[in-house]
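Chemist:
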Amino acid sequence: MIKKYLEKDENIIAKIICFILLVFVYNFCMGCSNQIEKNTENDKIGNKYSITDSTGTVINFEKKPEKIVSLSISTDEILIDLVDSKRITAVTYLADDPEISNIVDRVKSISNRAYGNSAEALLAMHPDIIIAADFFKQEMIQSLRDLGLKVYVYKTPNNMEEIKKAINDIAVLVGEPANAEKLIKQMDSKLKSVKNRVGSIKPSEQKRVVFIRSNGAFYRPESSFMDICRYANVKDATEDLHYTQSGILSQEEVVRLNPDAFVIPVWNYDGKHDPVQMKAEILSNPSYQTTKAGKNVIMLPAAHVLAVSQYTVNAVEDIAKAVYPENFN
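What the sequence shown shows, in the numbering used here, is residues 60 to 388, in sequence order.
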């Protein structure tokens, strides 16, 4: 009988020991798993990480890039709000033009200017990463990669949501996702402010406009200007057209659209396209005088209306104020 109870006690003790061992092994494994996850997260944030650009090219980093070269005014503007300017090795020459740039004063501390027409000149800057738009010449991008340089190609945005995506993507590229979140919140705040002013305007009461540049009224099935108008509760009259191809509209087509106003950007990019003269020519054009817009030409800062960055929200406010001034009194 005593032997039987001893055997029973031994079985209980064995089971207890097994249970303790199982708990120990489980906690050990969980600890290892958590440490692996922590290390992986640290690699993503502060050490090694990879990112894929719009061309499908995978770019690997050992750490956040410290010498960044921008090849478009859009990324000039995005980067200046994402990283310390000390990390930007070069911006474009357009960043110094106050008619198209929103960051003239902020880039003065950046000594280099990138023109994008010399792979050797860019190589001499020893960049950790070069950021180029998808309209940049593919041959140049390939030449840069052949020299061993890392090139990130981003998709040019056509609307506000794509601009936000570009900001997020570039923020991940440079290792600053939190700064993108702050920047987008600022954009949304501005858009909300405009909506509070003009959001109650009915579609039937919306003003219709046509955007004209020095070469005429340009049509695209979907454009950043069209999206700017939507946020301002204004109708881009060309949205009524349904062409499959982009192109310059004839004067006859513009007259047929009969907009309430013409919108032109203020940017004399080569010294030969004075916007004031352009406005005078539109107002004196016999064909345009037959339209409601013939006496109403709105001049907007090109730095806003042509922006494909966080500054696009300023164009939304600009055009809303110009078209519906009574809503901002």
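Even for Gly, the Cβ is constructed at its ideal location relative to N, Cα and C.
It should be emphasised that the depicted structure is a prediction, and the values quoted were computed from it without experimental measurement.
#1: Closer than 8 Å by C-beta to G306: which residues in its own chain qualify, once you throw out the five before and the five after it? Chain order, please.
#2: Does the Cβ of N161 have 16 or more other Cβ atoms within 10 Å, making it buried, or fewer, making it exposed?
#3: If you check the beta carbons only, do V313 and T371 fall under 9 Å apart?
#4: For A192, collect the residues of the same chain with a Cβ closer than 6 Å to its Cβ; drop the 5 residues on either side in sequence, then sort them by chain order.
#5: Quick check on the DSSP output: what are the complete beta strand (DSSP E) runs of length 3 or more inside the stretch 184-266, in order along the chain?
#6: Quick test of your reading: I55 and Y211, contact by CB under 8 Å. State the CB separation rounded to the nearest angstrom.
#7: Alpha carbon to alpha carbon, how far is A173 from K167? Give it in angstroms, no decimals.
#8: Reducing DSSP to helix, strand and coil, say where S109 ends up.
#9: Can you grab the Cα-Cα spacing for the pair Q348 / V322, in whole Å?
#10: Using the rule of at least 16 other Cβ atoms within 10 Å of the residue's Cβ for burial, across every protein chain shown, is K258 buried or exposed?
#11: Kindly confirm or deny that the stretch 120-129 and the stretch 147-159 touch, where touching means at least three C-beta pairs closer than 8 Å.
#12: Is the distance from the Cβ of D228 to the Cβ of I110 below 9 Å?
#13: In whole angstroms, what is the alpha-carbon distance linking E298 and Q201?
#14: Which first and last residues belong to the alpha helix (DSSP H) in which D284 is found?
#15: Buried or exposed: L141, going by 16 or more other Cβ atoms within 10 Å of its Cβ?
#16: Sorted by chain position, which residues of the same chain lie with C-beta nearer than 6 Å to S92's C-beta, five sequence neighbours on each side aside?
#17: Can you tell me where the beta strand (DSSP E) with L359 in it begins and where it stops?
#18: Once the 5 residues before and after I226 are set aside, which same chain residues still bring their CB inside 7 Å of it?
#19: Mark V375 as exposed unless 16 or more other C-beta atoms lie within 10 angstroms of its C-beta, in which case mark it buried.
#20: When you compare only the Cα positions, how much space is there between A149 and H301?
#21: Taking the beta strand (DSSP E) that V322 belongs to, which residues open and close that run?
Modeler: Reading off the structure:
#1: F277, Y278
#2: buried
#3: no
#4: S131, T215
#5: 188-192, 210-213
#6: This structure cannot speak to residue 55, because the chain is shown only from 60 to 388.
#7: 14 Å
#8: strand
#9: 15 Å
#10: Going by the sequence as given, residue 258 is Gly instead of Lys. By the 10 Å Cβ count, G258 comes out exposed.
#11: yes
#12: yes
#13: 37 Å
#14: Here the sequence assigns Phe to residue 284, which means Asp is not the residue at that position. That run of the alpha helix (DSSP H) goes 283-290.
#15: buried
#16: Legend: pLDDT at S92 = 44, less than 50; position of this residue unreliable, value from coordinates given subsequently. Correct list: empty, nothing qualifies.
#17: 356-360
#18: I137, A239, L242, I243, Q369
#19: buried
#20: 41 Å
#21: 320-325
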